[in-house]
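Enquirer: If you scroll down you'll find the structure; I have some questions about it.
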Amino acid sequence: MELLTIGAFAQAARLTPKALRLYDQVGLLPPAAIDPESGYRLYDPDQLPLARLVAQLRRIGMPLATIRAVCGLEPAAAAEAVTAYWRQVTADTAARARLASVLVDHLSEGGTTMSEAKPALAVRHAAGCETGAVRDSNEDTAYASGRLLAVADGMRGPGGAAASAAAIDALRPLELADGPAADLLTMLAGAVTDAERTVRALATDEYQPVTTLTALLFSGAHLALVHVGDTRAYLLRGGELSVLTQDHTWVQAQVEQGRLDRDQAAAHPQRAVLVRALGGGQQVEADLALRTALPGDRYLLCSDGLSAVVDRADLLSTLSAATDPEQAVRTLIGLAEAAGAPDNIACVVADTVAA
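Residue numbers for the sequence shown follow the numbering used here, beginning at 649 and rising by one.
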């Protein structure tokens, strides 16, 4: 069969000669021959299906390195690879859309000068993590510093403890990051993607570890929150205790759909079944929020080993009465232990004070 010139082949493949030269340079679509006198690239018509596939994959934004890998697969495996790629694109787009929505809301409320000089706030903090009275291992992790507060609850089983620790470790480089408040959410979103990748890498042939993650990242008077699962963040401000997160559980979804009331949900045998977690199912969809911290705020982050056995009234009274975060952590863990401590207990308490 007669070979086609690069121009004729480009037209038939709905590509440009420039694109074909690039694909040749990266080893994706080399010509069938090169004219020894003119140096023109010549292509075999049998290369058209591959060229058209490359063109279609480029139109959906797939990177050349990924295209090269996909083109080396059998059709069924290639289809799975394209599906996985597009799932990731969809998740990334959704994450950017949520981030844009949060920033629009913040700017609409008057926060148009997020890079302005920030009031000096210091964060006083304490963290505690106990196995509890029933479990024989501890899959929870708690972490607190002047910039970052985090709790993670790994699913019981092989790798659960490693998953919760890895999720928080993925956030810790953010303690050294600096920049305007608008960048906090972007940094957290990227760190959660890294955490998800790290947790998935812990998988074995028999078991895929998963973990929840709830964290606050402070920058001056601003803080960014990221949340996946049923670990929680609370804020005590002006004598009122509010929940900053929403549980990603099957029972909570039933409450939102009106199929269960809150009393039924609290006693439901499936109340701990997660619908979102790092490492579980498809690409995680984390909740992100940007908030303003005030002097006198007290924050509580905890696993369900605390929130499921200590009611909100006791949380409020303990957080209101404790003289410092250390005392609050000790008392809250004591309350969970007094209630039987059927699960691991992770607890972080932090106060924001004028520096």
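Glycine residues also receive a C-beta, built at the ideal position from the N, C-alpha and C atoms.
This structure is a prediction, so every number in the text was calculated from the model and none was measured.
Is L871 buried or exposed, if buried means 16 or more other CB atoms sit within 10 Å of its CB?
Expert: Taking the first residue of the sequence shown as 1, we reach residue 871 at position 223. Buried, since its Cβ has 16 or more Cβ neighbours within 10 Å.
Enquirer: Spatial neighbours of V997 within its chain, please: C-beta separation below 6 Å, excluding the five flanking residues on both sides.
Expert: The residue labelled residue 997 in the question sits at position 349 within the sequence shown. Excluding sequence neighbours, V997 sits near A774, L948, P973, A976 and V977.
Enquirer: Have a look at the DSSP bridge pairing and note the partners of A875.
Expert: The residue you call residue 875 lines up with position 227 of the sequence shown. Correcting the residue identity first, residue 875 is His in this sequence and not Ala. Answer is T862 and D935, bridged to H875.
Enquirer: Identify, in the order they occur along the chain, each residue of the same chain with its Cβ nearer than 6 Å to the Cβ of S890, setting aside the five sequence neighbours on each side.
Expert: Taking the first residue of the sequence shown as 1, we reach residue 890 at position 242. Around S890: L883.
Enquirer: When we look at the beta-carbon of R662 and count the other beta-carbons within 10 Å, is it buried (16 or more) or exposed?
Expert: For this step, residue 662 is matched to residue 14 along the sequence shown. Counting Cβ neighbours within 10 Å, R662 comes out exposed, since fewer than 16 surround it.
Enquirer: Can you give the Cα-Cα distance for I715 and V840, rounded to whole angstroms?
Expert: Position 67 of the sequence shown, counted from the start, is the residue given in the question as residue 715. Position 192 of the sequence shown, counted from the start, is the residue given in the question as residue 840. Roughly 26 Å between the two C-alpha positions.
Enquirer: Spatial neighbours of S951 within its chain, please: C-beta separation below 7 Å, excluding the five flanking residues on both sides.
Expert: Counted from its first residue, the sequence shown places residue 951 at position 303. Excluding residues within five positions, the ones whose Cβ falls inside 7 Å are D788, V799, D801, T879, N992, I993 and A994.
Enquirer: Take the Cβ of L721 as the centre, count every other Cβ of all protein chains shown within 10 Å, and call the residue buried at 16 or more, exposed below.
Expert: By one-based count along the sequence shown, residue 721 stands at place 73. With fewer than 16 Cβ atoms within 10 Å of its Cβ, L721 is classed as exposed.
Enquirer: Leaving out five residues on either side along the sequence, give the residues of the same chain with a beta carbon under 8 Å from the beta carbon of L696.
Expert: Start at 1 with the first residue of the sequence shown, and residue 696 comes out as number 48. Once the five neighbours on either side are set aside, the close Cβ partners of L696 are F657, A660 and A661.
Enquirer: Can you check whether the CB of L712 is closer than 7 Å to the CB of L651?
Expert: In the sequence shown, counting from the first residue as 1, residue 651 sits at position 3. In the sequence shown, counting from the first residue as 1, residue 712 sits at position 64. No. Outside cutoff.
Enquirer: Under the rule that 16 or more other beta-carbon atoms within 10 Å means buried, what is A732, buried or exposed?
Expert: Here residue 732 corresponds to residue number 84 of the sequence shown, with the count starting at 1. A732 should be labelled exposed.
Enquirer: Does the separation of the CB atoms of P857 and G808 fall below 7 Å?
Expert: What you label residue 857 is simply residue 209 of the sequence shown in a count that begins at 1. What you label residue 808 is simply residue 160 of the sequence shown in a count that begins at 1. Taking 7 Å as the Cβ cut-off, P857 and G808 qualify as a contacting pair.
Enquirer: Which residues does DSSP list as the beta-bridge partners of E778?
Expert: Looking up residue 778 in the sequence shown gives position 130. E778 is bridged to I993.
Enquirer: Restricting to Cα atoms, I'd like to know which of V957, T862 and D962 is closest to A989.
Expert: Position 341 of the sequence shown holds residue 989. That would be V957, whose Cα lies nearest to the Cα of A989.
Enquirer: Excluding the five sequence neighbours on either side, which residues of its own chain have a C-beta within less than 8 Å of the C-beta of G655, listed in chain order?
Expert: Counting from 1 along the sequence shown, the entry for residue 655 is found at position 7. Excluding sequence neighbours, G655 sits near P665.
Enquirer: Roughly how many whole angstroms lie between the Cα atoms of E728 and A717?
Expert: Taking the first residue of the sequence shown as 1, we reach residue 728 at position 80. Taking the first residue of the sequence shown as 1, we reach residue 717 at position 69. Each residue's Cα considered, the two are about 12 Å apart.
Enquirer: If I follow the unbroken beta strand (DSSP E) through R885, where does it start and stop?
Expert: Your numbering for residue 885 matches position 237 in the sequence shown. R880 to R885 is the extent of the beta strand (DSSP E) around R885.
Enquirer: Given a cut-off of 7 Å, decide if V771 and T966 are closer than it, judged by their beta-carbon atoms.
Expert: For the purposes of this step, residue 966 is identified with residue 318 of the sequence shown, where counting begins at 1. For the purposes of this step, residue 771 is identified with residue 123 of the sequence shown, where counting begins at 1. It is not a contact, given that the beta carbons lie outside the stated cut-off.
Enquirer: According to the Cβ coordinates, are H875 and D817 closer than 7 Å?
Expert: Taking the sequence shown and counting its residues from 1, one reaches residue 875 at position 227. Taking the sequence shown and counting its residues from 1, one reaches residue 817 at position 169. No; because the gap between Cβ atoms is not below 7 Å, this pair is not in contact.
Enquirer: Using 10 angstroms around the beta-carbon of D945, count the other beta-carbons present and answer buried if the total reaches 16, otherwise exposed.
Expert: On the sequence shown, position 297 is the one that residue 945 refers to. D945 should be labelled buried.
Enquirer: Would you mind reading off the limits of the beta strand (DSSP E) that contains L796?
Expert: The residue labelled residue 796 in the question sits at position 148 within the sequence shown. Residues L796 to D801.
Enquirer: Pull the bridge partners of C950 from the DSSP assignment, please.
Expert: Within the sequence shown, numbered from 1, the residue matching residue 950 stands at position 302. Answer by DSSP bridge pairing, in chain order: R880 and C995.
Enquirer: Indicate the three-state DSSP secondary structure (helix, strand or coil) for T761 in the structure shown.
Expert: Locating residue 761 in the sequence shown gives position 113, counting from the first residue. Confidence at T761 is low in this model, with a pLDDT of 44, below 50, so its placement is unreliable and the value that follows should be read with caution. Three-state DSSP puts T761 in coil, outside helix and strand.
Enquirer: So what's T664 in DSSP terms, helix, strand or just coil?
Expert: By one-based count along the sequence shown, residue 664 stands at place 16. Reduced to three states, the DSSP call for T664 is coil.
Enquirer: Taking buried to mean at least 16 other C-beta atoms within 10 Å of its own C-beta, is Y855 buried or exposed?
Expert: Here residue 855 corresponds to residue number 207 of the sequence shown, with the count starting at 1. The residue is exposed, with fewer than 16 neighbouring Cβ atoms inside 10 Å.
Enquirer: Hey, out of D683, S686, D692 and R845, whose CA is closest to L677's CA?
Expert: For this step, residue 677 is matched to residue 29 along the sequence shown. The shortest Cα separation from L677 among D683, S686, D692 and R845 belongs to D692.
Enquirer: Hey, how far is the Cα of A813 from the Cα of C719?
Expert: Taking the first residue of the sequence shown as position 1, residue 813 is located at position 165. Taking the first residue of the sequence shown as position 1, residue 719 is located at position 71. Cα to Cα, the separation comes out at about 37 Å.
Enquirer: Roughly how many angstroms lie between the CA atoms of T834 and G886, to the nearest whole one?
Expert: If you number the sequence shown from 1, residue 834 lands on position 186. If you number the sequence shown from 1, residue 886 lands on position 238. C-alpha separation (whole angstroms): 30 Å.
Enquirer: Report, in whole angstroms, the separation of the C-beta atoms of A843 and L819, which I expect to be a contact under 8 Å.
Expert: Sequence index remark: in the sequence shown, residue 843 carries index 195 (1-based). Sequence index remark: in the sequence shown, residue 819 carries index 171 (1-based). At roughly 7 Å, the Cβ-Cβ gap stays under 8 Å, so A843 and L819 are in contact.
Enquirer: Between which two residues does the beta strand (DSSP E) holding D784 run?
Expert: If you number the sequence shown from 1, residue 784 lands on position 136. It is not in any beta strand (DSSP E) - D784 carries neither H nor E in the DSSP assignment.
Enquirer: Return the residue from the list A810, L942 and T859 that minimises the CA-CA distance to A1003.
Expert: Walking along the sequence shown from the start, residue 1003 turns up at place 355. Of A810, L942 and T859, the residue nearest in Cα terms is L942.
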